[in-house]
Each structure stands twice: as structure tokens, then as C-alpha cells.
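Per mature numbering (1 follows the signal peptide of the UniProt record, and there is no 0), the sequence shown runs over residues -22 to -1, 1 to 233.
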Amino acid sequence: MKRILLVSWLALILAGCVTVVHDPLTEKASRSKAVQEYVSLGMGYFQTRQYDLAIKRFRRALEIDPDDPRARSGLGLVYQAQQEYDLAEEMFREVIRSHPEFTEGRNYYAAFLYQQGRFEDALAQLREAVKDVEYSGRELLFFNIGQIERRLGHNDKAIEAYRKSLVLNPAQPQVRLALAFAYADGGQDELAWKQFSQFREAVRRGLTRHSAASVALGVQIAERTGRQDEAASLRLLLKNQFGESDEARRIFREN
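Here's what the structure looks like:
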């Protein structure tokens, strides 16, 4: 979190005169900087769950600039965390209405809608958000689209979204795992194994970790594609590291 900077207003003091003259350009820049600093403080307090302090900083930013979408989105996040869902949605909707180009706010709103179980609404917001081709982290938007599509039972659309996410950023082990699950669900086991293998390589390199679900998936794909040695190795891993998991009980019960 950035430390707050003291906001200075440039004043030209005329010799022999007490009149303060403000430079409009400098004043505007200072106000913008002040808003940015208050928003940064607010987000810092939000992340450490100091919600009252976060609200005060976001409100202070809005006193300086009542139209700032970052501060209003921040309030939405705080209200969401406090389970004040009506207030949270009011903030998010106001941001979308007044600043439809503010993709970060739209992403926050999509996450809120997902939390509320409103998956179709969340998907609509994400579909709009990915139109912003300059948005940093656009690959994560496509990943979230894939997650929702898969939850809704739209496996082909989920695969399409995961693949787009990997086009934008190939170094995403969790997206490869999600794609492996989707391919496996669709009976495309060789494609599933390819993605699982790349995920497993990322595990080997220490970039991510296995879960009971990922190892169980590997066992299933290996067996269905006739890779018996791989299946045996993964079974051993499942037994040793996740032996008490539901996935392990299911795998060993089936055989």
C-alpha cells in the first residue's frame, strides 16, 4: 500500500500582497492525486478488514471527486464484505451506469453477482468486460467466464473461454487444469491428458500444487487412455498425500 502523501496546493504569493493565487492545472492535478491516495488507503484498509477506516477513506475521496468510480467501487467491496448486499449492489450499479468503460468496476460487480448465485447476470457482465482489449488481466476474465459456463453445464463454451485465456497468457497452470477437466467431461481424453501433463509439469517446477481433485483427474485420464504406469504413479501420489479425501475414497472404491 502506498503511504499517503501530503497534498500541497501550489500558491503564488505576490510580493507585498496576501492574496493566494491557485494554478488551475496544478490544483486539478493535486485533487486527482489526493483522490488516488485516499482510494489506495481505502483499498489497503479493506484488504486488512478494517472496514470502518476503509469507508472513511473512500468517502473522503468522493468528497473531493463525487464521480470517482474507484472510490465508489471500493465502497461496494466493503459493503459486500459486510454483507450489506443491497448497498453493495447500489454502488456497483452506479459505477456501471456512470462509467461503463471502467472495466475493473464491472469485474467487481460480476464477482458480486457470482457470489449471490446470479450466474447468468455475472456472465453478462464478464462478457461485456472482455470487450476492453486493453484491460490488464483480461485472461482472468476469460477464465472466470469459463468457470461460470462450466457451472452452467455449457462445456463447449467453457473450453472456448479457457483456450482464449491461455492464448492471452499461457503461463496459467490453474487454467490448464480447468481445461483438462472440461476436456475430460467432454470425452476428449487425449486433449485432457495434454493439458493435465502441462499442469503437472508446473507442479514439478514448484509453480503450483496438486490437490486431491487434480490427482484424481490424472488417474482417471491416464486409465482411460491406457497409460497404466502413469495411472499407478498417480494412484500412489493420491494415496500418500490425499488418502483421506473424498476423491481418494472414490477412486479406490471404484477399483
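C-beta: ideal position from N, C-alpha, C; glycine also.
(Q) Classify GLN152: buried if its beta carbon has 16 or more other beta carbons within 10 angstroms, exposed otherwise. (A) Looking up residue 152 in the sequence shown gives position 174. Exposed, since its Cβ has fewer than 16 Cβ neighbours within 10 Å.
Q. Looking at C-beta atoms only, is the number of pairs between the stretch 146 to 161 and the stretch 183 to 200 that lie closer than 8 Å three or more?
A. yes
Q: Please state whether DSSP places ASP134 in a helix, a strand or coil.
A: Counting from one through the sequence shown, the residue named residue 134 turns up at place 156. The answer is helix: DSSP assigns ASP134 an H, G or I state.
Q. Taking DSSP as the reference, what is the three-state secondary structure of ASN218?
A. For this step, residue 218 is matched to residue 240 along the sequence shown. Residue state, collapsed to three classes: helix.
(Q) Using C-beta distances below 6 Å, list every residue in its chain close to ALA209, excluding the 5 sequence neighbours before and after it, in chain order. (A) In the sequence shown, counting from the first residue as 1, residue 209 sits at position 231. The residues are VAL197, ALA200, GLU201.
Q.
Can you find the residues in the same chain that come closer than 8 Å, C-beta to C-beta, to residue 235, ignoring five residues on each side of it along the sequence?
A. Any property of residue 235 remains undetermined from this structure, which presents the chain solely from -22 to 233.
Q.
On the DSSP letters alone, give me the boundaries of the alpha helix (DSSP H) that ASP163 sits inside.
A. Position 185 of the sequence shown, counted from the first residue, corresponds to residue 163. Where ASP163 is concerned, the enclosing alpha helix (DSSP H) stretches over 151 to 163.
**Q.** LEU212, DSSP secondary structure in three states
**A.** In the sequence shown, the residue the question calls residue 212 occupies position 234. It is helical.
Q) In or out: SER114 buried (at least 16 other Cβ within 10 Å) or exposed? A) Translated into the one-based positions of the sequence shown, residue 114 becomes position 136. Exposed, by the Cβ-count rule.
**Q.** Check whether ILE137 and LEU157 have beta carbons under 8 Å apart
**A.** On the sequence shown, position 159 is the one that residue 137 refers to. On the sequence shown, position 179 is the one that residue 157 refers to. Cβ distance < 8 Å, so ILE137 and LEU157 count as in contact.
**Q.** Whether PHE120 touches LYS135 by CB criterion (8 Å)
**A.** Taking the first residue of the sequence shown as position 1, residue 120 is located at position 142. Taking the first residue of the sequence shown as position 1, residue 135 is located at position 157. No, Cβ-Cβ distance for PHE120 and LYS135 is not below 8 Å.
Q: Measure the CB-CB distance between GLY124 and ALA139 and report whether it falls below 8 Å.
A: On the sequence shown, position 146 is the one that residue 124 refers to. On the sequence shown, position 161 is the one that residue 139 refers to. A contact, by the Cβ cut-off of 8 Å.
Q: Measure the Cβ-Cβ separation of ALA88 and LEU104 and say whether it is below 8 Å.
A: Looking up residue 88 in the sequence shown gives position 110. Looking up residue 104 in the sequence shown gives position 126. ALA88 is a Cβ neighbour of LEU104, given a cutoff of 8 Å.
Q: Specify the secondary structure class of TYR140 as computed by DSSP and reduced to three states.
A: Taking the sequence shown and counting its residues from 1, the one referred to as residue 140 is at position 162. Of the three classes helix, strand and coil, the one that applies to TYR140 here is helix, per DSSP.
Q) With distances taken from CA atoms, which of THR203, ARG213, GLN206 is nearest SER192? A) By one-based count along the sequence shown, residue 192 stands at place 214. Minimum Cα distance to SER192 is reached at ARG213.
Q: Would you mind reading off the limits of the alpha helix (DSSP H) that contains LEU195?
A: The count along the sequence shown starts at 1 and reaches residue 195 at position 217. Where LEU195 is concerned, the enclosing alpha helix (DSSP H) stretches over 190 to 202.
Q: Classify GLU117 as buried or exposed, calling it buried when 16 or more other Cβ atoms lie within 10 Å of its own Cβ.
A: For this step, residue 117 is matched to residue 139 along the sequence shown. Looking at its Cβ environment, which holds 16 or more other Cβ atoms inside 10 Å, GLU117 is buried.
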